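Visitor:
This is the structure in C-alpha cells:
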C-alpha cells in the first residue's frame, strides 16, 4: 500500500516536471 502510494506520488512529480519543462520550453519558443 505504502509503496504504491509512493510510486503514484513519484509518477505525479515526474509528470508535473515534464509538463512544466514543456510549458517552459514552449513559453521560451513564443518569447
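Numbering (the working numbering), first residue to last: 5 to 35.
C-beta atoms are modelled at their ideal positions from N, C-alpha and C, and glycine is treated no differently.
Treat the numbers as computed from the prediction; the structure is a model and nothing was measured.
Provide the residue span of the alpha helix (DSSP H) that contains residue 33, from first to last.
Guide: 6 to 34 is the extent of the alpha helix (DSSP H) around residue 33.
Visitor: Examine chain D for any beta-carbon lying closer than 8 Å to the beta-carbon of residue 12, and answer yes or no.
Guide: No chain D is present in this structure, which holds just one protein chain.
Visitor: Just the Cα atoms here: how many angstroms apart are residue 28 and residue 21?
Guide: So the alpha carbons of these two residues sit roughly 10 Å apart.
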